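Before any comments, here is the structure.
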Amino acid sequence: MKKWEAFVTMGAEKTSERGDDMTALEFIHKHQNDEDNGECLILPDGSVEEPLPSHIGRLVELTGMDAGALHGRMEKNMEPLFWLVEYTGCMSVWQTRVVAPTVPTGQQQAALEELHDAAFLAPKYLMQTPGQEYVESVHQAKEELRDR
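In case it helps, UniProt numbering puts the sequence shown at residues 1 to 148.
Here you go:
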């Protein structure tokens with residue numbers, strides 16, 4: 001099984017081939033003096049990455065697939081961010097908003113709490129999760145890929 005397949009199907013292994021994943025505490029120390037310091041991705045294992053080139057761009061990279069192939073698997077009316085968050089199991093974090101998979105891991109919740117406690121998130125940040133239609137679409141896409 002390829003590294004990205006393990007990440008996408010199991011959602012628990014570190015997969016940053018860029019080598020920039022870090023713990024929440026390391027991220028806090030690195031960005032504590034930044035003006036907009038809370039923007040990151042939290043991987044299923046609780047490690048934190050900067051969302052470069054963008055949240056959607058990095059989520060696509062983490063799948064190991066072509067963006068066009070991924071977009072072809074989601075319904076036309078779906079927001080790519082919500083679909084990719086559910087597909088990868090990653091959390092997309094901004095200072096005022098978090099988009100989390102429907103079933104975040106304990107490690108992700110702990111990392112998010114660390115970021116919140118360090119004031120990297122607004123006191124009343126918006127927590128969003130994909131709806132059931134996203135869960136079903138992602139499940140179907142993973143089955144189709146597995147059957148290939």
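Virtual Cβ for every residue (Gly too), placed ideally from N, Cα, C. None of these values were measured; they are calculated from a predicted model.
Residues of its chain near residue i, where Cβ-Cβ distance is below 7 angstroms and the 5 sequence neighbours each way are ignored
{"i": "L81", "result": "H55, I56, S92, V99"}
{"i": "E113", "result": "none"}
Residue i versus residue j - alpha carbon distance
{"i": "Q95", "j": "D66", "result": "29 angstroms"}
{"i": "F27", "j": "G72", "result": "34 angstroms"}
{"i": "E50", "j": "T63", "result": "16 angstroms"}
{"i": "V103", "j": "L43", "result": "13 angstroms"}
{"i": "M127", "j": "A141", "result": "25 angstroms"}
{"i": "Q107", "j": "D45", "result": "6 angstroms"}
{"i": "T88", "j": "E144", "result": "16 angstroms"}
{"i": "E79", "j": "A118", "result": "30 angstroms"}
{"i": "M22", "j": "G131", "result": "29 angstroms"}
Nearest neighbour of residue i, chosen from the options [CA to CA]
{"i": "K124", "options": "P51, S47, R97", "result": "R97"}
{"i": "C90", "options": "V60, P53, K30", "result": "V60"}
{"i": "T129", "options": "A111, L84, R148, R146", "result": "L84"}
Beta bridge counterpart(s) of residue i as assigned by DSSP
{"i": "V98", "result": "V93, M127"}
{"i": "I42", "result": "V48, M91"}
Sequence-distant residues of its chain with Cβ nearer than 6 angstroms to residue i (five each side left out)
{"i": "Q109", "result": "none"}
{"i": "T105", "result": "P44"}
Anticipated Cβ contact below 8 angstroms, residue i with residue j, distance rounded
{"i": "E86", "j": "V135", "result": "6 angstroms"}
{"i": "L41", "j": "R58", "result": "6 angstroms"}
Residues near residue i by beta carbon distance below 8 angstroms, same chain, minus five either side
{"i": "E133", "result": "E75, M78"}
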